[in-house]
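Reading through the structure tokens given below for one structure.
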Amino acid sequence: MGIVGQLFALSLLSGAALELNLSPQNRRTDLTTMTTRIPYIRWCGAVRCGGASSLHKKVDRLVAGQSRVLTPSISVAVTKPLHFQSDVQQRRFFTSPAVNNYKKLLSDDLVVRSFSSTAGDVATSKRDDTNQQIISNAESGDITSAQELLTQMHTDAIFQNDSDQFADIDSYTAVMNGLIDQQTQLISSIGEEMNEIASDLNATMPNRLSSESNEKGTAKVMTLAEMANDLLIQMEDISGVSDRYSSMRGNAAYELRNANLLPTSHHYDLAITSFVNAATVARDTNYSSPATNNAPYVAQRWLQRMETLAFDPYSGVSPSVDSYYHVMEAYASLGNGAAAIPANKNRAPILAQAVYDKLKENTNLIPTVREHRLLIRAWSNSTCKEAAYKAMGLWMNMLRLFRAGDEEMEPRLEDGKMVLEAWSRAM
1160 MGIVGQLFAL SLLSGAALEL NLSPQNRRTD LTTMTTRIPY IRWCGAVRCG GASSLHKKVD
1220 RLVAGQSRVL TPSISVAVTK PLHFQSDVQQ RRFFTSPAVN NYKKLLSDDL VVRSFSSTAG
1280 DVATSKRDDT NQQIISNAES GDITSAQELL TQMHTDAIFQ NDSDQFADID SYTAVMNGLI
1340 DQQTQLISSI GEEMNEIASD LNATMPNRLS SESNEKGTAK VMTLAEMAND LLIQMEDISG
1400 VSDRYSSMRG NAAYELRNAN LLPTSHHYDL AITSFVNAAT VARDTNYSSP ATNNAPYVAQ
1460 RWLQRMETLA FDPYSGVSPS VDSYYHVMEA YASLGNGAAA IPANKNRAPI LAQAVYDKLK
1520 ENTNLIPTVR EHRLLIRAWS NSTCKEAAYK AMGLWMNMLR LFRAGDEEME PRLEDGKMVL
1580 EAWSRAM
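Laid out in structure tokens, this is it:
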């Protein structure tokens, strides 16, 4: 006979009142009340359930471990039988095998629940520790270890189909910041090496070893930019941005969504900066590759994404003056270095001017002296027929704003020299 069957039969024989109460209010719980979730299959008798008579029903016999279905939480209340005349009879009843078996079932159920709760706490603690480790590694410069942990968390989330297993946004931010820091360090090292080569007056032939080192450094800077790009795409796909706008990957690769990974303006600016760094260092080292040549266009693509998201008041994303300036800087680099063929010399200031015009159309932003000087330099390096006119117009605009009270816009001697060079080239 099953456990509940024994308990029910024993209660009938001893005169005890046994109730299975499905309602929150239990009846006559003088001695003990035990609550659990009971798996069940078949039962051959009617059991009186607490509450209205309409709740009378047939329930399945309780056979622990043989059912996959869990019932709602049921309270079993065993009340003192009226004919119990001594404590001995009470002890015999409550130490009977049926009641003891039920107590064991209750204990096992509580252990399972406690284990599930503990397992969840452990998983949360492990996830938090991993996120903290990612941030710590990224801030200490160990980007490789940070990315490995980030990738592992991403893989686990996909495998377990659990969006909570993704790394948090602080981890993504720390890794992207670390990528930019590594770019900055590489660019600084490359610049120092180039200055040493230029100052070596006794050199009678190019330093091939240094050139190869600079090329490898430039290629590494480009690789870091692509890593930052992939992280931002991943954030867009997981957070759902790619559901409303086209995915930069071409198609959204993830079905899981976690809105906590919604990118901010800072993340987009980091991606733009990473490609600008790659474009400018390629110009300085005379390094050319399809990736570095395409870097300014990727930077503009992320700027356009920011402009699109700015129309959504809930996105919290909007481009800044720095965002426009960095893209202009990337385009201006096309007119120099190994990519400085005549076509690129002419294209560079045109593309930079187009970004500047978009900046002026933004009513929330005001161009600064940086953008004016960058454009003057770009036009003065160009072979376009109208280059001198464009450079002269920018210089005069700076003078006009300065006379109107904007002291920052005061033209410098170098600005005038660049305009004169443009005119001398046009003659």
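With the working numbering, letter number 310 in the sequence shown gets 1469, and the count goes up by one each step, no holes.
In this text, a Cβ means the ideal position worked out from N, Cα and C, and glycines have one as well.
Just so you know, these numbers come straight off a predicted model, no measurement behind them.
Between Thr1432 and Ile1294 the beta-carbon gap is near 20 Å, outside 8 Å, which marks them as no contact. Non-local beta-carbon contacts of Arg1460 in its own chain, meaning distances under 8 Å to residues more than five positions away in sequence, involve Met1407 in chain order. For the 8 Å CB-CB criterion, Ala1326 and Glu1298 do not form a contact. Taking the CA atoms as reference points, Leu1421 sits about 11 Å from Asp1329.
Scanning the region 1383-1436 for uninterrupted beta strand (DSSP E) segments of 3 residues or longer gives nothing; none is fully contained. With respect to the 8 Å criterion, Glu1488 and Ser1539 are not classified as neighbours on the basis of their beta carbons. Sequence-distant Cβ neighbours of Tyr1446 in its own chain, meaning closer than 6 Å and more than five residues away, are Glu1374 and Thr1377. Note that the C-beta distance between Leu1429 and Val1380 is not below 8 Å. Judged by their CB atoms, Met1335 and His1485 are not nearer to each other than the 8 Å cut-off. Looking at the backbone, the Cα of Asn1523 and that of Thr1303 are separated by about 39 Å. From the listed residues Pro1478, Ala1550, Asp1471 and Tyr1473, the smallest Cα separation to Ile1509 is found for Ala1550. Distances from the CA of Ala1458 to each of Asp1574, Glu1530, Asn1436 and Pro1449 were compared; the closest alpha carbon is that of Asn1436.
Annotated as proximal: Ser1477 and Ser1424, with beta-carbon spacing under 8 Å. By the neighbour-count criterion, in which a residue is buried when 16 or more other Cβ atoms sit within 10 angstroms of its Cβ, Met1555 is exposed. Comparing alpha-carbon positions, the option among Asn1417, Asn1419, Glu1351 and Thr1382 lying closest to Pro1449 turns out to be Thr1382.
Approximately 18 Å separates the beta-carbon atoms of Leu1391 and Ile1317; this is outside 8 Å, ruling out the contact. A distance below 6 Å between beta-carbons, with the five flanking residues on each side excluded, links Phe1561 to the following residues of its chain, in chain order: Met1568 and Glu1569. Ranking Thr1314, Glu1355 and Gln1324 by CA distance to the CA of Asn1419 puts Gln1324 first. Taking the C-beta atoms as reference points, Val1528 is found no nearer than 8 Å to Tyr1490.
Burial of Leu1553 is indicated by the presence of at least 16 other C-beta atoms within 10 angstroms of its C-beta.
In this structure, the CA atom of Ala1387 is about 36 Å from the CA atom of Glu1573.
Spanning the alpha carbons of Arg1571 and Ile1349 requires a straight line of approximately 29 Å. Ile1535 is a Cβ neighbour of Met1577, given a cutoff of 8 Å.
Here DSSP, grouped into helix, strand and coil, assigns Thr1522 to coil. The alpha carbon of Met1353 has as its nearest neighbour, out of Ser1372, Asn1320, Gly1575 and Asp1565, the alpha carbon of Ser1372. Approximately 6 Å separates the beta-carbon atoms of Ser1482 and Leu1462; this is inside 8 Å, confirming the contact. Sequence-distant Cβ neighbours of Ala1438 in its own chain, meaning closer than 7 Å and more than five residues away, are Thr1451, Ala1454, Pro1455, Ala1489 and Ser1492. Where Arg1571 is concerned, there is no enclosing alpha helix (DSSP H), because DSSP gives it neither an H nor an E. In the DSSP assignment, Val1480 falls within the unbroken alpha helix (DSSP H) covering Val1480 to Ala1491. The Cβ-Cβ distance between Ala1585 and Ala1537 does not fall below 8 Å. Excluding sequence positions up to five before and after Arg1506, its CB lies within less than 7 Å of the CB of Leu1493, all in the same chain and listed in chain order.
Counting other Cβ atoms within 10 Å of its Cβ, Asn1290 reaches 16 or more and is therefore classed as buried.
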